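Protein chains in written order, with our numbering: chain Z, 229 to 497; chain F, 4 to 293.
Virtual Cβ for every residue (Gly too), placed ideally from N, Cα, C.
Note that the structure is a prediction, hence the values are computed from the model and not measured.
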């Protein structure tokens, strides 16, 4: 490729990138400037945090954040425990029905809880858990994807390590905890990032099973806050929007490489 | 087989299988089962109605409408996001000043909640006041109501989807591009092949497995992604931008017709099943290709 061609290519890349972040930059612009500058782009426009303050006070966002935080951490912990145990069994134990059970696990990659909303709601109602954070979490705690990913990692662990620990008299769970889990750390990080961002962003299922301030995660809270007939200024809505995406955006900027790699690993399976 | 292994194996998978059973397998079976019954209302219990729900499905214009919408949605978003993803990946493949920033710009929408993305875009689309109208206003063009008009609502929703997805697909192409040995392209160039030929004859065919993989993911996503519809159009006007999952939600949780909701879900399950078979066949081919 000639030098000019290359230069042209880079210019095109920069242009496309600019076009791509424009919506986000625009949201940031309106959120940090007074309402008067919503669509007036002057470099000397005064900055303000007023929109964020207004949004924070207009709706119980503190509570929504707490709910989301509790939700994603409890899902993550439960997923780590359940998926690790199952992955260990699938990777290193031979028992009748193993292959059949593994197929059942893999089925969840396609038949996701996201689409079984009707019957899952009935299940949650039967358990008496409607409008609880547990109700949002339960369908996702046994993740077929998690089992699959962690099993793959466990299968690469040399069985000599396993045997050595066994000879020294370590029990099954001890071996799992001391040998397998430490060696699979990168997979846990990758899976963790994907799981946290997925459940922080999840909307439809929490919308269905929650109906009070005490349980709503930020996504549902935001959608109620920003519904068109609520008559709130755009700048304030944009501030709220950025606020709810904030934790993930910050995490993404800090752990960019890990994020990209884990999303990829998660996709490729 | 060691008998102790049996017990350990079963005990270890038990907790995960219980939750999978309760929230995936049982609900999936119950969905199919309940599609043959009527919706219980008040004191009236559910009754076996045979294929009545399916007959209703065939006669339901809204069902056909959302199916056609879903098809257009898939046709409109998938090839475009994949093409953009490939362009993005190629554009940041080589090192240049600002590459990290460019790559970040492409990927950021992937990290944002779809509901937040929709809020941001809603501001562009708002008639008269939104950014699009402000810009067209500068050129003396009249107001537009992209979300409110049946002809454009679905396209407006599709644009948001493409914005959110292209950067996600890009990372798979980036990974695949790294596995292509650079000397292949260089050799072709020494032979005097133009850049375009190198791309279409060497790079693109070698990326085919990635393209297939990304396409399948994209098709599954086109059935799953409905959050932005809640914010942007609410499925309207007159179901012009409603998709299958959104219609399932409306039927089951706005009109509380859970039996018909289950019937619609069966259609979704069938579609995903067909996809699974397709995926299996395609990936089988990929193995032969290697």
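(request) Figure out for me which residue from Z:380, Z:403 and Z:374 has the closest Cα to the Cα of residue 391 of chain Z. (result) On the first chain, residue 391 of chain Z is found 163 positions in, with the first residue counted as 1. Considering only alpha carbons, the answer is Z:403.
(message) Could you compute how far the alpha carbon of residue 332 of chain Z sits from the alpha carbon of residue 23 of chain F?
(response) As a first step, residue 332 of chain Z must be located in the first chain, where it is residue number 104. As a first step, residue 23 of chain F must be located in the second chain, where it is residue number 20. The straight-line gap from Cα to Cα measures roughly 8 angstroms.
(message) Between the alpha carbons of residue 299 of chain Z and residue 468 of chain Z, how many angstroms are there, rounded?
(response) Within the first chain, the letter at position 71 stands for residue 299 of chain Z. Within the first chain, the letter at position 240 stands for residue 468 of chain Z. Cα-Cα distance, rounded: 20 angstroms.
(request) Compare the beta carbon distance of residue 320 of chain Z and residue 254 of chain Z with 9 angstroms and say whether it is the shorter of the two. (result) Walking along the first chain from the start, residue 320 of chain Z turns up at place 92. Walking along the first chain from the start, residue 254 of chain Z turns up at place 26. Going by C-beta atoms, residue 320 of chain Z is not nearer than 9 angstroms to residue 254 of chain Z.
(message) For the alpha helix (DSSP H) containing residue 291 of chain Z, name the first residue and the last one.
(response) As a first step, residue 291 of chain Z is located in the first chain; it is residue number 63 there, counting from the start. Where residue 291 of chain Z is concerned, the enclosing alpha helix (DSSP H) stretches over 289-320.
(request) Kindly confirm or deny that the segment 147-162 of chain F and the segment 91-109 of chain F touch, where touching means at least three C-beta pairs closer than 8 angstroms. (result) no
(request) Per DSSP, which residues does residue 51 of chain F bridge with? Please list them. (result) Counted from its first residue, the second chain places residue 51 of chain F at position 48. DSSP output for residue 51 of chain F lists F:40 as bridge partner(s).
(request) Tell me whether the beta-carbon of residue 71 of chain F lies closer than 9 angstroms to the beta-carbon of residue 249 of chain F. (result) Here residue 71 of chain F is taken as the residue at index 68 of the second chain, counted from 1. Here residue 249 of chain F is taken as the residue at index 246 of the second chain, counted from 1. Not in contact: residue 71 of chain F and residue 249 of chain F (Cβ atoms no closer than 9 angstroms).
(request) Compute the Euclidean distance between the alpha carbons of residue 188 of chain F and residue 236 of chain Z, then round it to the nearest angstrom. (result) The sequence position of residue 188 of chain F within the second chain is 185, counting from 1. The sequence position of residue 236 of chain Z within the first chain is 8, counting from 1. Near 19 angstroms, if we compare the C-alpha coordinates of residue 236 of chain Z and residue 188 of chain F.
(request) Measure the C-alpha to C-alpha separation of residue 340 of chain Z and residue 31 of chain F and round it to an integer number of angstroms. (result) Counting from 1 along the first chain, the entry for residue 340 of chain Z is found at position 112. Counting from 1 along the second chain, the entry for residue 31 of chain F is found at position 28. Their Cα atoms are separated by approximately 10 angstroms.
(request) State yes or no: is the beta carbon of residue 186 of chain F nearer than 9 angstroms to at least one beta carbon in chain Z? (result) The residue given as residue 186 of chain F occupies position 183 in the second chain. Closer than 9 angstroms: no.
(message) Strictly below 7 angstroms CB to CB, what residues from chain F border residue 238 of chain Z?
(response) Looking up residue 238 of chain Z in the first chain gives position 10. Going along chain F in sequence order, the residues near residue 238 of chain Z (Cβ under 7 angstroms) are 99.
(message) Please confirm whether residue 275 of chain F has its beta-carbon closer than 9 angstroms to some beta-carbon of chain Z.
(response) To locate residue 275 of chain F, count along the second chain from 1; it is residue 272. Yes, because at least one Cβ of chain Z sits closer than 9 angstroms to the Cβ of residue 275 of chain F.
(message) Between residue 23 of chain F and chain Z, is the shortest Cβ-Cβ distance under 9 angstroms, so that the two count as touching?
(response) Here residue 23 of chain F refers to the residue found at position 20 when the second chain is read from its first residue. Closer than 9 angstroms to some Cβ of chain Z, the Cβ of residue 23 of chain F qualifies, so yes.
(request) Would you check if the distance between the CB atom of residue 223 of chain F and the CB atom of residue 338 of chain Z is smaller than 9 angstroms? (result) Counting from 1 along the second chain, the entry for residue 223 of chain F is found at position 220. Counting from 1 along the first chain, the entry for residue 338 of chain Z is found at position 110. Result yes, Cβ atoms of residue 223 of chain F and residue 338 of chain Z sit closer than 9 angstroms.
(message) Between residue 8 of chain F and the ligand MG, is there a pair consisting of the residue's CB and a ligand heavy atom that are separated by less than 8 angstroms?
(response) As far as ligands go, the structure on display features none, and thus does not contain the ligand MG.
(message) So residue 352 of chain Z and residue 363 of chain Z are supposed to be a Cβ contact under 8 angstroms. How far apart are they, rounded?
(response) For this step, residue 352 of chain Z is matched to residue 124 along the first chain. For this step, residue 363 of chain Z is matched to residue 135 along the first chain. Sure, about 5 angstroms apart at Cβ, within 8 angstroms.
(message) Here's a check: name, in chain order, each residue in its chain whose Cβ is nearer than 6 angstroms to the Cβ of residue 177 of chain F, leaving out the five neighbours to either side.
(response) For the purposes of this step, residue 177 of chain F is identified with residue 174 of the second chain, where counting begins at 1. For residue 177 of chain F, where only same-chain residues beyond five positions count, the Cβ hits under 6 angstroms are 92.
(request) Kindly indicate which three-state DSSP category residue 3 of chain F falls into: helix, strand or coil? (result) With chain F covering 4 to 293 only, the question about residue 3 of chain F has no answer from this structure.
(message) Tell me which residues of the segment 443-470 of chain Z have at least one Cβ-Cβ distance to chain F shorter than 9 angstroms, keeping chain order.
(response) 446, 447, 448, 450, 451, 454, 455, 456, 462, 465, 466, 468, 469 and 470
(request) Note down, in chain order, each residue of its chain lying with its Cβ closer than 6 angstroms to the Cβ of residue 302 of chain Z, except the 5 sequence neighbours on either side. (result) The count along the first chain starts at 1 and reaches residue 302 of chain Z at position 74. The answer, listed in chain order, is 365.
(request) Quick one: using the 10 Å Cβ neighbour count with 16 as the cut-off for buried, is residue 167 of chain F buried or exposed? (result) As a working mapping, residue 167 of chain F is identified with position 164 in the second chain. Classification for residue 167 of chain F: buried.
(message) residue 35 of chain F and residue 269 of chain F - do their beta-carbons sit closer together than 9 angstroms?
(response) The count along the second chain starts at 1 and reaches residue 269 of chain F at position 266. The count along the second chain starts at 1 and reaches residue 35 of chain F at position 32. Yes, Cβ-Cβ distance for residue 269 of chain F and residue 35 of chain F is below 9 angstroms.
(request) Please check the pair residue 556 of chain Z and residue 422 of chain Z, which I expect to be a contact at CB under 8 angstroms, by giving their CB distance rounded to whole angstroms. (result) Nothing can be reported for residue 556 of chain Z, as the shown portion of chain Z is limited to 229 through 497.
(message) Is there a Cβ of chain Z sitting closer than 9 angstroms to that of residue 82 of chain F, yes or no?
(response) Here residue 82 of chain F corresponds to residue number 79 of the second chain, with the count starting at 1. Not one chain Z Cβ lies under 9 angstroms of residue 82 of chain F.
(request) Assign residue 483 of chain Z to one of three DSSP states: helix, strand, or coil. (result) For this step, residue 483 of chain Z is matched to residue 255 along the first chain. Residue state, collapsed to three classes: coil.
(message) Measuring only the C-alpha atoms, how far is residue 498 of chain Z from residue 260 of chain F?
(response) Residue coverage of chain Z in this structure runs from 229 to 497, which leaves residue 498 of chain Z outside it and unanswerable.
(message) If distances are taken between C-alpha atoms only, which option among F:156, F:285, F:194 and F:272 comes closest to residue 240 of chain F?
(response) As a first step, residue 240 of chain F is located in the second chain; it is residue number 237 there, counting from the start. That would be F:156, whose Cα lies nearest to the Cα of residue 240 of chain F.
(message) With the cut-off set at 9 angstroms, would you say residue 129 of chain F and residue 175 of chain F are in Cβ contact?
(response) If you number the second chain from 1, residue 129 of chain F lands on position 126. If you number the second chain from 1, residue 175 of chain F lands on position 172. Taking 9 angstroms as the Cβ cut-off, residue 129 of chain F and residue 175 of chain F do not qualify as a contacting pair.
(message) Could you check whether the Cβ of residue 341 of chain Z sits closer than 9 angstroms to any Cβ belonging to chain F?
(response) Working through the first chain from its first residue, we reach residue 341 of chain Z at position 113. Taking Cβ atoms only, chain F reaches closer than 9 angstroms to residue 341 of chain Z, which makes this a yes.
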